[in-house]
Amino acid sequence: MKPRSINNIFIFCVSALALIGCNTDEPRKKHPEISQKEVNNGLINSHKEFLLQQEDEIKQYVARHNYDMQKTASGIYYKINEHGKGEQAKVGEFASVSYTISLLDGTVCYDTKNEGPKQFKVGEDEVESGVHEAVQLMHVGDKATFIIPSNLANGLVGDKDKIPPGAIVIYDINLLSVTHTTSSLAK
């Protein structure tokens with residue numbers, strides 16, 4: 001993600017809010033009036049442009065690395081690196097995964113090697129929506145790489161720790177197990 005793009009979106013949002021929030025005693029005729037619809041359309045158009053820029057960045061990354069990846073309807077790029085023989089993960093089941101999260105520049109943000117596998121309820125727990133979608137494409141034993149655009153990862157604010165605002169993230173995920181209840185999950 002280019003810092004200029006984030007700055008442009010930020011400047012537009014702040015400007016729009018400032019214009020909406022201005023309340024002076026001066027007659028309105030001196031200030032051009034911006035309707036809420038115009039502000040909304042501006043924000044929507046900025047967001048669309050931002051998503052197109054991220055799509056282009058992902059395509060360039062995939063091409064540079066000669067990856068043969070598929071793309072979901074939501075915009076996640078993925079490839080299954082190793083096929084497992086277990087059941088496929090479904091919404092409502094508990095998935096146990098190990099993963100590495102990195103940025104397009106190779107910076108590793110998180111890795112479960114030190115903390116051990118993570119468990120979450122697919123489609124329900126507080127996990128990025130792109131991860132919920134990704135895990136549902138996997139079978140137990142699969143090892144896969146997912147490139148997730150920011151709108152399906154940590155959004156325009158990042159995670160306020162290691163993942164910057166508006167970052168595209170790469171998840172290397174190993175789906176270790178899928179269970180129907182929490183009783184079989186290691187705590």
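Just so you know, our numbering puts 60 at position 60 of the sequence shown, and the rest follows in order with no gaps. Positions of the beta carbon are idealized from the N, C-alpha and C atoms, including for glycine. What you are looking at is a predicted structure, and each value in this text was computed from that prediction instead of being measured.
Problem - Ser35 burial status per 10 Å Cβ neighbour count (16 or more: buried) - result: Locating residue 35 in the sequence shown gives position 35, counting from the first residue. Looking at its Cβ environment, which holds fewer than 16 other Cβ atoms inside 10 Å, Ser35 is exposed.
Exercise for the section: Would you check if there are 3 or more beta carbon pairs closer than 8 Å linking the segment 166-179 to the segment 92-112? Expected result: A contact exists between the segment 166-179 and the segment 92-112.
Problem - Same chain only: Cβ atoms within 6 Å of Leu43, ignoring 5 sequence neighbours per side - result: For the purposes of this step, residue 43 is taken as residue 43 along the sequence shown, with counting starting at 1. Taken in chain order, the list of residues that qualify is empty.
Practice task
To the nearest angstrom, report how far apart Glu93 and Val178 are at their CA atoms.
Solution key: As a first step, residue 93 must be located in the sequence shown, where it is residue number 93. As a first step, residue 178 must be located in the sequence shown, where it is residue number 178. Rounded to whole angstroms, Glu93 to Val178 spans 6 Å at the Cα level.
Practice task
Quick one: grab the DSSP three-state call for Ile101.
Solution key: Along the sequence shown, read from residue 1 onward, the residue named residue 101 stands at position 101. Looking at Ile101 - three-state DSSP - the assignment turns out to be strand.
Exercise for the section: Flag this pair as yes or no: are the beta carbons of Tyr77 and Ala134 separated by less than 8 Å? Expected result: Start at 1 with the first residue of the sequence shown, and residue 77 comes out as number 77. Start at 1 with the first residue of the sequence shown, and residue 134 comes out as number 134. Contact: no.
Exercise for the section: Leaving out five residues on either side along the sequence, give the residues of the same chain with a beta carbon under 8 Å from the beta carbon of Thr181. Expected result: Here residue 181 refers to the residue found at position 181 when the sequence shown is read from its first residue. Sequence-distant Cβ neighbours of Thr181 in its own chain, meaning closer than 8 Å and more than five residues away, are Phe94.
Practice task
Kindly list the residues whose CB is nearer than 6 Å to the CB of Ile170, restricted to its own chain and excluding five residues on each side of it in sequence; keep chain order.
Solution key: Your numbering for residue 170 matches position 170 in the sequence shown. Residues Ser102 and Ile147 of the same chain have their beta carbon placed closer than 6 Å to that of Ile170, with the five preceding and five following residues left out of the count.
Problem - Integer-rounded CB distance, given that Lys90 should sit under 8 Å from Gln119 - result: Along the sequence shown, one-based indexing puts residue 119 at 119. Along the sequence shown, one-based indexing puts residue 90 at 90. Separation of the CB atoms of Gln119 and Lys90 is rounded to 15 Å, and the pair is thereby denied contact status at 8 Å.
Problem - Whole-angstrom C-beta distance between Pro164 and Gly158, which should lie under 8 Å - result: As a working note, residue 158 is residue 158 in the sequence shown. As a working note, residue 164 is residue 164 in the sequence shown. The Cβ separation is near 5 Å, so the contact holds.
Practice task
Using 7 Å as the cut-off, classify the Cβ of Pro117 as near or not near the heavy atoms of the ligand FMN, replying yes or no.
Solution key: With respect to the ligand FMN, the structure shown offers nothing to examine, as it has no ligands at all.
Practice task
Identify every residue that forms a DSSP beta bridge with Thr145.
Solution key: Numbered from its first residue, the sequence shown carries residue 145 at position 145. Paired residue(s): Lys79 and Asp172.
Exercise for the section: Report buried or exposed for Ala167, applying the criterion of at least 16 other Cβ atoms within 10 angstroms of its Cβ. Expected result: Here residue 167 refers to the residue found at position 167 when the sequence shown is read from its first residue. Ala167 comes out buried.
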